[in-house]
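Student:
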Amino acid sequence: MQRFAEHLADTGVSHGLIGPREVPRLWERHVLNCVGVQELIEPDAHVADVGSGAGLPGLVIAIARPDLQVTLVEPMLRRVNWLDAVRSDLRLDNVTIVRSRAEQCTDLEVDVVTSRAVARLETLSQWSLPLLRSGGRMLALKGSSAQEEIDEARSQIESMGGSDVEVLTCGAAVVDPATSIVSVRVPHRLERRPAPSRKSRAGKQSAKRGPDRQNRRK
């Protein structure tokens with residue numbers, strides 16, 4: 084884990100994956116914040132980390148749990164190249180990297196989907212839940228907004244077949260405050276539906292602002 088943190092503090096900064104101001108609090112805010120999620124994952128599971136970025140929490144999970152198979156899903160080539168270099172240096176044979184958006188991974192079927200700082204839960208659930216096999220679980224690292232996001236997304240999650248939506252805390256032994264995670268279970272494999280693209284999501288957000296606000300920004 085120390086070697087991974089060194090990568091984050093060095094090439095992670097130069098590649099724009101971590102801000103330089105984050106380096107002094109790299110362990111507490113980023114690495115240790117992600118360690119706890121592995122407590123919630125069953126042995127020998129296949130995990131997909133969507134929007135993996137700097138490998139948080141995907142690479143942290145893979146390092147802490149060599150029994151797991153971890154697939155990092157990341158669309159940006161620059162980030163994929165960085166993840167591949169780190170994987171090679173750390174000799175993480177349990178890691179696979181897929182350059183793709185989560186909603187385009189139609190052949191991926193896993194036990195657990197993780198994410199951190201990717202999207203609001205309402206959108207994230209549409210990208211993540213279809214990747215789960217029957218009995219699978221989504222684990223989304225969230226902050227103080229966790230319950231608010233659940234309230235916003237609950238009806239959508241349940242309409243998709245998700246259940247047991249709850250906020251869990253983990254990692255209290257290594258980080259304070261403990262990590263907040265939104266957990267959603269999928270009793271049955273979901274039918275694949277077209278998930279909202281980034282462009283369509285941006286269009287909806289612009290529409291919500293209204294024409295007056297949009298004109299003022301021109």
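Under my numbering, residue 301 is the last one in the sequence shown; the count climbs by one each step, no gaps. In this text, a Cβ means the ideal position worked out from N, Cα and C, and glycines have one as well.
1. If we require 3 or more residues per run, which beta strand (DSSP E) segments fall completely within the segment 212 to 263?
2. Which partner residues does H98 have in the DSSP bridge list?
3. Between A202 and E232, what straight-line distance do the alpha-carbon atoms span, to the nearest angstrom?
4. For R272, which residues of its own chain have a beta-carbon under 7 Å away from its beta-carbon, when the five flanking residues on both sides are left out?
5. Where does L189 sit, in a helix, a strand or coil, going by DSSP?
6. Give me the Cα-Cα distance between V196 and E89, rounded to the nearest whole angstrom.
7. Under 8 Å, do L139 and R182 count as touching if we go by C-beta distance?
8. Rounded to the nearest angstrom, what separates P149 and P103 at their Cα positions?
9. Looking only at its chain, what residues have a beta carbon closer than 8 Å to the beta carbon of L160, apart from the 5 residues adjacent to it on each side?
Tutor: The structure says:
1. Here the runs fully enclosed are 215 to 225, 246 to 253.
2. Answer by DSSP bridge pairing: none, since H98 is not bridged.
3. Each residue's Cα considered, the two are about 10 Å apart.
4. Once the five neighbours on either side are set aside, the close Cβ partners of R272 are R216, S217.
5. Note on identity: in this sequence residue 189 is Thr, with Leu being the wrong assignment. Residue state, collapsed to three classes: coil.
6. Going by the C-alpha atoms only, they are around 26 Å apart.
7. Between L139 and R182, the gap from beta carbon to beta carbon reaches 8 Å or more.
8. Answer to the nearest angstrom: the Cα atoms are 30 Å apart.
9. Only R182 meet the Cβ criterion.
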